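Peer 1: The opening residue of the sequence shown carries number 30 in the numbering used here; numbering runs sequentially from there.
Note that beta-carbon positions come from the ideal geometry of N, C-alpha and C, so glycine has one too.
Note that the coordinates shown come from a computational prediction; the quantities given were computed from them, not determined experimentally.
The structure is given below, and queries will be raised subsequently.
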Amino acid sequence: DNPTPDRAEFLYPKCGCFGPPAPGPPLVETGIDFQELSLYAESLLLSDIFSGFVEIPFRLINPEQNRNTEGLSDINVGFKLALWADRCSYLTFQFRTYIPTGDGFDGLGTEHVSLEPGLLFMKRCGNGTTIEGELRDFIPIDGTEDWAGNVLRYGLGVAQTWYDDGRFTFTPVLETVAWSVLSGDVLRAANPTTVAVESAETTIVNLKIGARFNLAPKCCNDGTKSLYVGYGNALTGPRWYEDMIRAEYRITY
30 DNPTPDRAEF
40 LYPKCGCFGP
50 PAPGPPLVET
60 GIDFQELSLY
70 AESLLLSDIF
80 SGFVEIPFRL
90 INPEQNRNTE
100 GLSDINVGFK
110 LALWADRCSY
120 LTFQFRTYIP
130 TGDGFDGLGT
140 EHVSLEPGLL
150 FMKRCGNGTT
160 IEGELRDFIP
170 IDGTEDWAGN
180 VLRYGLGVAQ
190 TWYDDGRFTF
200 TPVLETVAWS
210 VLSGDVLRAA
220 NPTTVAVESA
230 ETTIVNLKIG
240 ARFNLAPKCC
250 NDGTKSLYVG
260 YGNALTGPRW
270 YEDMIRAEYR
280 ITY
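Dropping the structure here:
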């Protein structure tokens with residue numbers, strides 16, 4: 030339930046109802062549901078301090094006004110560089126580039142390149158607690174003039190291992206994530222005939238709860254396997270979604 034999917038061209042482009050050069054879906058949108066399936070792969074390239082990654086998302090979009098669509102969304106690639114690393118903590122610089130491989134007319138991508146530098150932090154405590162944080166800056170390149178905007182994302186998470194028998198662990202996770210939209214515009218539509226163009230500037234805050242299940246220890250080159258299942262809810266009126274369910278299966282070699 031995203032009532033403003035073209036906000037700052039973060040999810041998809043300015044509504045095509047404005048005519049060229051607006052590249053987004055053709056009808057004024059009042060709300061969408063969407064699902065994404067993503068394949069993410071990351072590999073160490075230099076010891077334990079430098080890695081590269083690629084993420085390939087497939088999006089299914091279910092709007093209220095425009096037609097349902099599905100297909101490849103915007104692929105992103107990047108690297109991570111450990112600025113500080115020891116046995117219990119990491120401070121990492123991450124740089125991600127979004128490539129406009131999704132069709133903006135169908136709401137599958139933004140139709141512009143975006144750059145996202147960021148800092149990631151992780152601290153393992155001695156009692157089974159892990160603290161993680163992030164600060165990222167989504168910077169659109171050559172988006173629709175005056176519509177695409179800069180989006181700052183920041184968050185903090187705490188995980189606590191409740192059960193560990195050497196082969197199976199159960200770790201609940203609590204996170205809060207926020208996005209501050211610093212520029213751009215948004216089309217706000219109470220219905221298809223009552224619309225207004227407003228500043229996209231706002232702050233969106235979400236609370237997320239979940240749990241990670243480590244299914245097997247790393248052994249004999251088989252890798253570790255884990256499953257995460259979680260739920261997210263918007264705490265603010267402005268939102269990217271009202272409710273979200275997320276599942277992730279991870280294999281680490």
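For the segment 226-234 and the segment 52-69, state whether three or more C-beta atom pairs, one from each stretch, are separated by less than 8 Å.
Peer 2: With a cut-off of 8 Å, the segment 52-69 and the segment 226-234 do not count as touching, because too few Cβ pairs lie within range.
Peer 1: Using the three-state DSSP reduction, which class does Arg-196 fall into: helix, strand or coil?
Peer 2: Sequence index remark: in the sequence shown, residue 196 carries index 167 (1-based). Coil.
Peer 1: Out of Leu-216, Ala-276, Tyr-127, Ser-209, state which residue places its alpha-carbon closest to the alpha-carbon of Gly-144.
Peer 2: In the sequence shown, residue 144 corresponds to position 115, counting from 1. A quick correction: the sequence has Leu, not Gly, at residue 144. Among Leu-216, Ala-276, Tyr-127, Ser-209, the Cα nearest to that of Leu-144 belongs to Tyr-127.
Peer 1: What do you get for Asp-193, buried or exposed, if any count of 16 or more other CB atoms within 10 angstroms of its CB means buried?
Peer 2: The count along the sequence shown starts at 1 and reaches residue 193 at position 164. Asp-193 comes out exposed.
Peer 1: Can the beta-carbon of Gln-64 be found less than 7 Å from the beta-carbon of Leu-89?
Peer 2: As a working mapping, residue 64 is identified with position 35 in the sequence shown. As a working mapping, residue 89 is identified with position 60 in the sequence shown. Result yes, Cβ atoms of Gln-64 and Leu-89 sit closer than 7 Å.
Peer 1: Please report the straight-line C-alpha distance between Glu-99 and Leu-66, rounded to a whole angstrom.
Peer 2: For the purposes of this step, residue 99 is identified with residue 70 of the sequence shown, where counting begins at 1. For the purposes of this step, residue 66 is identified with residue 37 of the sequence shown, where counting begins at 1. Taking the straight line joining both Cα atoms gives about 11 Å.
Peer 1: Report the option in Leu-68, Trp-113, Phe-87 whose CA atom is closest to the CA atom of Leu-149.
Peer 2: Working through the sequence shown from its first residue, we reach residue 149 at position 120. Ranking Leu-68, Trp-113, Phe-87 by Cα distance to Leu-149 puts Trp-113 first.
Peer 1: Assuming the contact rule is C-beta atoms closer than 8 Å, Ala-245 and Thr-253 should be a hit. Round their C-beta distance to whole Å, please.
Peer 2: Taking the sequence shown and counting its residues from 1, one reaches residue 245 at position 216. Taking the sequence shown and counting its residues from 1, one reaches residue 253 at position 224. Contact flag correct, Cβ pair sits at about 7 Å.
Peer 1: May I ask you to report which of helix, strand or coil DSSP gives Gly-239?
Peer 2: Here residue 239 refers to the residue found at position 210 when the sequence shown is read from its first residue. Note: Gly-239 maps to strand in three-state DSSP.
Peer 1: Would you kindly work out how many angstroms separate the C-alpha atoms of Asn-31 and Gly-195, rounded to a whole number?
Peer 2: Position 2 of the sequence shown holds residue 31. Position 166 of the sequence shown holds residue 195. Using only the alpha carbons, I get a separation of about 42 Å.
Peer 1: Closest to Cys-117 by C-alpha separation, out of Gly-138, Ser-212, Asn-156, would be which residue?
Peer 2: Your numbering for residue 117 matches position 88 in the sequence shown. Closest by alpha carbon: Asn-156.
Peer 1: Which whole-angstrom value describes the C-beta separation of Ser-80 and Phe-108, a residue pair presumed to lie in contact below a C-beta threshold of 8 Å?
Peer 2: One-based indexing of the sequence shown puts residue 80 at position 51. One-based indexing of the sequence shown puts residue 108 at position 79. About 7 Å; that satisfies the 8 Å criterion.
Peer 1: Considering only the beta carbon of each residue, do Trp-176 and Glu-58 sit closer than 7 Å?
Peer 2: Numbered from its first residue, the sequence shown carries residue 176 at position 147. Numbered from its first residue, the sequence shown carries residue 58 at position 29. Not in contact: Trp-176 and Glu-58 (Cβ atoms no closer than 7 Å).
Peer 1: Note down, one range per segment and in chain order, each beta strand (DSSP E) of at least 3 residues found wholly within the segment 162-226.
Peer 2: Whole beta strand (DSSP E) segments, 3+ residues: 180-189, 198-210, 214-220.
Peer 1: To the nearest angstrom, how far is the alpha carbon of Gly-178 from that of Leu-185?
Peer 2: For the purposes of this step, residue 178 is taken as the residue at position 149 of the sequence shown. For the purposes of this step, residue 185 is taken as the residue at position 156 of the sequence shown. If I take the Cα positions, the gap works out to 23 Å.
Peer 1: Once you ignore the five residues that flank Asn-243 on each side, which residues in its own chain have a CB closer than 7 Å to its CB?
Peer 2: Locating residue 243 in the sequence shown gives position 214, counting from the first residue. Excluding residues within five positions, the ones whose Cβ falls inside 7 Å are Phe-197, Thr-198, Thr-253, Ser-255.
Peer 1: In whole angstroms, what separates the C-alpha of Val-106 from that of Leu-73?
Peer 2: Taking the sequence shown and counting its residues from 1, one reaches residue 106 at position 77. Taking the sequence shown and counting its residues from 1, one reaches residue 73 at position 44. Those two C-alpha atoms are separated by around 14 Å.
Peer 1: Compute the Euclidean distance between the alpha carbons of Arg-217 and Ala-207, then round it to the nearest angstrom.
Peer 2: As a first step, residue 217 must be located in the sequence shown, where it is residue number 188. As a first step, residue 207 must be located in the sequence shown, where it is residue number 178. Going from the Cα of Arg-217 to the Cα of Ala-207 covers about 21 Å.
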